[in-house]
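Residue numbers (the UniProt record's numbering): 1 to 294.
We put the CB at the ideal spot given by N, CA and C, even for glycine.
This report refers to the structure that appears directly beneath it.
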Amino acid sequence: MNKHAYMIMAHHRPDLLQLLINSLDDERNDIIVHIDKKSNMKPEQFETQYAKIFFINQMSVNWAGYTQIQCEYELMKHAAAIGHHAYYHFLTGANYPLWNQNYIYDFFEKNKGYEFIGFDNAIDYSIRVKYYIPFSEHGKLRGVSGHLIEGVREFAKLVQKVLHVNRIKNQNLIIKKGCAYFSITEGMLLEILKQEKKVKDMYVHTICCDEVFVQTIAYNSEFRNKIYNLENEYDGCLRELAWPSNISGIHPGWNFSQKDLEYLLNSKRLFAMKFEASDSIDVIQAIKQKRDIQ
């Protein structure tokens, strides 16, 4: 059986996480979950009937920091240790599939061997890797402290630019960036795991490089020729995200709501995020009913 592994990073909204787990509850799947150490959620809150579910050791994950990459590595290592999987999908707890498992398995069987990783080719993103960024685990703070930290970061980058600091000057790499969520083959996953030390050296003390490290590894390896779509970021990773550039209008908190239901039901992509608006549960229920999802 060509099983799939779903690797989920969650930090709140147990109701959404259980709905996601339910949608993946298929004997062909292994579900690997990380619950942020700062969260009030507990592994015993969640259950499956058919799929095997695993909860990895909790760590504190900070938005935009290297801890996001570190957590992804822990999920990938656990998924690989379980056994062989045809595909490994990385999601958050606020994701939901737009199709049922039979459709998803059929899609990947028809397109087996391809890597579903999104690439944003708009600009050169090497700036994210070149400099050491202070307070990189503090994320995006509001108020005076946030402005102060952002000022320190910008000053640090300016000083390093003047001093010609370049962390990647000896790396023969093209830095690429794209959507942080992906569906990859076992071969691609093992290549990422093989480069763990190099990734740590390159990306610790950086900001938002969870959107860089997988793309950069894939693009600079033999797997580049198996990337499904290098031109369209979200067709490439099969994800719908509620960005203004993807769908019309501004979405508070970048969440899908009832007004997006028709758009989502007409999508050929496989997963969507986020569903944290006041009426997002209604959207999920409508997708669930329309697509015959568990």
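Going by the C-beta, is residue i closer than 7 Å to any heavy atom of the ligand SAH?
{"i": "Ala64", "result": "With respect to small molecules bound, the structure shown includes none, and the ligand SAH cannot be examined in it."}
Reducing DSSP to helix, strand and coil, say where residue i ends up.
{"i": "residue 301", "result": "This structure leaves residue 301 out entirely; the chain is present only between 1 and 294."}
{"i": "Ser23", "result": "helix"}
{"i": "Ser145", "result": "helix"}
{"i": "Thr206", "result": "coil"}
{"i": "Glu231", "result": "coil"}
{"i": "Met188", "result": "helix"}
{"i": "Ser278", "result": "coil"}
{"i": "Leu241", "result": "strand"}
{"i": "Met273", "result": "strand"}
{"i": "residue 340", "result": "The first residue shown for the chain is 1 and the last is 294, placing residue 340 beyond what the model contains."}
{"i": "Ala80", "result": "helix"}
{"i": "Ala86", "result": "coil"}
Closer than 6 Å by C-beta to residue i: which residues in its own chain qualify, once you throw out the five before and the five after it? Chain order, please.
{"i": "Ala180", "result": "Asp210, Glu211"}
{"i": "Glu240", "result": "Ser267, Arg269, Ala272"}
{"i": "Tyr88", "result": "Ala5, Ala79, Ile184, Leu189"}
{"i": "His164", "result": "none"}
Give me the Cβ distance between residue i and residue j, rounded to the nearest whole Å; I'm assuming they're in contact under 8 Å.
{"i": "Lys3", "j": "Ala81", "result": "Rounded, the Cβ-Cβ distance is 14 Å, inconsistent with contact."}
{"i": "Ile174", "j": "Tyr219", "result": "6 Å"}
{"i": "Tyr125", "j": "Lys177", "result": "4 Å"}
{"i": "Leu19", "j": "Tyr114", "result": "Going by Cβ atoms, the distance from Leu19 to Tyr114 rounds to 28 Å, so no, they are not a contact pair."}
{"i": "Ser23", "j": "Gln294", "result": "6 Å"}
{"i": "Asn255", "j": "Ser280", "result": "6 Å"}
{"i": "Met7", "j": "Phe90", "result": "5 Å"}
Let me check one thing: in DSSP terms, what residues is residue i bridge-paired to?
{"i": "Asp30", "result": "Ala5, Lys52"}
{"i": "Ser136", "result": "None, per the DSSP bridge assignment."}
{"i": "Glu211", "result": "Answer is none; Glu211 lacks a bridge partner."}
{"i": "Ala10", "result": "Ile35"}
Only counting the same chain, and skipping five residues up and downstream in sequence, which positions put a Cβ closer than 8 Å to that of residue i?
{"i": "Leu193", "result": "Tyr73, Met76, Lys77, Ala80"}
Who are the Cβ neighbours of residue i in its own chain at under 7 Å, not counting the five residues just before and after it?
{"i": "Lys226", "result": "Gly113, Tyr114, Glu115"}
{"i": "Thr48", "result": "Ile21, Asp25, Ile31"}
{"i": "Lys290", "result": "Leu265"}
Three or more beta-carbon pairs under 8 Å between the stretch 27 to 37 and the stretch 56 to 76, yes or no? yes
At least three beta-carbon pairs within less than 8 Å, the stretch 142 to 159 to the stretch 264 to 274: no
Should the stretch 47 to 58 be regarded as contacting the stretch 126 to 136, the criterion being three or more beta carbon pairs within less than 8 Å? no
Report yes or no: do three or more beta-carbon pairs, one from the stretch 92 to 102 and one from the stretch 142 to 151, lie closer than 8 Å? no
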